[in-house]
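Below is one structure; the comments refer to it alone.
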Amino acid sequence: MIAEIIAVGSEMLTPHRQDTNSLYLTQGLNDLGVSVAFKTIVGDNRQHLVDAIRIALRRADIVLLSGGLGPTEDDLTRECAAEALGLELHREPSVLVELQRRFIARRMAMPPNNQRQADVLDGAELLTNKNGSAPGQWLDLSFEGHRKIVILLPGPPKELMPLFDDECVPRLALSLPRRSLAKRLLRMALIPESQVDARTAPIYQQFSDVETTILAGSGEIQLHFLCSKPTMEEAQARVDAVAELVEQEMGDDIFSSHGESLEEVVLLMLGLRGLTLSAAESCTGGLFAERLTRIPNSSRNFAGGVVVYTNAMKTVFADVPAELIAEKGAVSEEVARALAEGIRRRTGSSLGLSITGIAGPPITTGPDAGKPAGLVYIGLADQDDTQVKRLEIAGDRDRVRLWASEHALEMLRRSFQ
């Protein structure tokens, strides 16, 4: 079975508000073996919402609407769902009593428009909202000869989430055929999406029962595999089969076979080898260290880092000779090497990593004048050797900084192979 989620509210069509409810609902539905095939955001317009509901009813088995159950004139979900389904609304006395009780408890008079929250679609089952005034509604009915489940949920996440978990999940579990949804996630860094697809499409296209999605962003490619079967064993076997074939094809380009982040993988590799790491960052401004320290217990293997943004700080904290910087420029292979070796020596870590570059705009004076924005050097030093990688990263300051940190993590990972 497939589902569609309709988020109701004009505020989510502005830059100031995001629909986060659909992410939570999707996870809950996936756990029940239900795939979410469509997500729609509709503003507070009656005809638009009626049309959206009718479209959803024709292409999905389960339709969930979030929002639009409040007391104001632009809260249209109840009325629009009734119109789309060809049902009447009735005012439910028990809901009115509960609304009155809530206002009395707050020593407030209930405005007349709050009575709209007691309007219930004929045939609907009320879903108790323990955290708000608007109850949810559950309909299991026939629409154009097909069984449909329609669920109306309040918009505030603090109301929607517990209501969905407590009231909807048990009903869905009893109402739906038993299905299990298995997932696998493979992750790769710094490889073009087109190249990944060209090499893996001949593999995943053989698995028509496994849904494959390729996502690209922030220097990373993700391959998501999703399969629904009557049992988890069957579903897991299918996603594992396609994932293993893709792993054979992509080899060391894959840094994670079960969804771990690049930071987690690097820290795991450091831990398995009993190594410690310190960093000296210039153009990334501590972003590399921040990414590692997102991971709990990273201090076991990441000793820390310094932001050596000025030339003087490179000398103070990593012993880079001032005359070297004056001759070669702070953005140079020589300074990247000295930074990595200096921070390793000063901290006593097993490894020292450095990042120095021009995030933008280009530098116009001194020894780095004329070097392009996006030029980055990454150094990695151990007790025996120092490697330096030269990069030219296109984009604005944020992209240069992010990709430099990604290259540094991937450089570390591949040094362990």
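Just so you know, the sequence shown maps onto residues 2 to 418 in the numbering used here.
Virtual Cβ for every residue (Gly too), placed ideally from N, Cα, C.
None of the values given here were measured: they were computed from a predicted structure.
Could you please give the first and the last residue of the uninterrupted beta strand (DSSP E) stretch that includes residue i?
i, result
"Tyr1", "Here the chain has residues from 2 to 418 only, and residue 1 is not among them."
"Leu14", "No beta strand (DSSP E) holds Leu14; DSSP gives it neither H nor E."
"Val389", "Thr387 to Glu393"
"Arg148", "His147 to Leu154"
"Val309", "Where Val309 is concerned, there is no enclosing beta strand (DSSP E), given that its DSSP letter is neither H nor E."
"Val9", "Ile3 to Val9"
Does the distance from the CB of residue i to the CB of residue j come in under 8 Å?
i, j, result
"Ser355", "Ala304", "no"
"Met270", "Ile222", "no"
"Ser257", "Val266", "yes"
"Leu70", "Gly44", "no"
"Asn31", "Ala8", "no"
"Glu160", "Asn130", "yes"
"Val336", "Gly375", "no"
"Ala85", "Val35", "no"
"Gly124", "Leu88", "yes"
"Met2", "Asp62", "yes"
"Cys81", "Leu128", "no"
"Arg79", "Leu122", "yes"
"Phe144", "Leu58", "yes"
"Ala341", "Leu293", "no"
"Ser279", "Thr348", "yes"
"Gly306", "Gly287", "yes"
"Glu407", "Gly220", "yes"
"Ser67", "Leu154", "yes"
"Leu273", "Ser299", "no"
"Gly358", "Arg398", "no"
"Glu282", "Val321", "no"
Under DSSP, the alpha helix (DSSP H) around residue i begins and ends at which residues?
i, result
"Ser299", "Careful: Ser299 lies outside any alpha helix (DSSP H) and carries neither H nor E."
"Ser134", "Ser134 -> no alpha helix (DSSP H), and no H or E assigned at all."
"Ala405", "Arg398 to Ser416"
"Leu161", "Pro158 to Leu164"
"Arg292", "Leu288 to Thr294"
My understanding is that residue i touches residue j, with C-beta atoms under 8 Å, so please give their C-beta distance in whole angstroms.
i, j, result
"Arg239", "Asp198", "Not really, about 20 Å apart at Cβ, beyond 8 Å."
"Gly29", "Val170", "6 Å"
"Ala405", "Ile394", "6 Å"
"Leu352", "Asp383", "5 Å"
"Leu227", "Glu212", "4 Å"
"Ile6", "Leu33", "The Cβ separation is near 14 Å, so there is no contact."
Under 7 Å from any heavy atom of the ligand ATP, does the C-beta of residue i make it?
i, result
"Gly286", "Of ligands this structure carries none, so the ligand ATP is not represented either."
Point to revise | Uninterrupted beta strand (DSSP E) stretches inside the region 213–286 (no shorter than 3 residues) | key: The region 213–286 contains these whole beta strand (DSSP E) runs: 221–230, 255–257 and 278–282.
*Counting pairs of Cβ atoms below 8 Å between the region 175–185 and the region 86–97, do you hit three or more?*
no
- Counting only runs of 3+ residues fully inside the region 27–64, write out the beta strand (DSSP E) ranges in chain order. 36–43
- Are three or more beta carbon pairs between the region 366–378 and the region 248–255 nearer than 8 Å? no
query = How about the region 136–155 and the region 104–114: do they share at least three Cβ pairs that are nearer than 8 Å?
reply = no
In chain order, which continuous runs of the alpha helix (DSSP H) of length 4 or greater are located wholly inside the region 311–379?
312–319, 323–329 and 334–348
* To do: At 4 residues or longer, and completely inside the region 169–195: list those alpha helix (DSSP H) runs for me, N to C.
  => 170–176, all fully within the region 169–195.
As an exercise, report each continuous alpha helix (DSSP H) stretch of at least 4 residues that is fully enclosed by the region 66–138, in chain order.
78–86 and 94–106
Pair every Cβ in the region 311–324 with every Cβ in the region 386–400, then say whether three or more of these pairs are closer than 8 Å. The region 311–324 is not in contact with the region 386–400.
Three or more C-beta pairs under 8 Å: does that hold for the region 225–240 against the region 148–168? no
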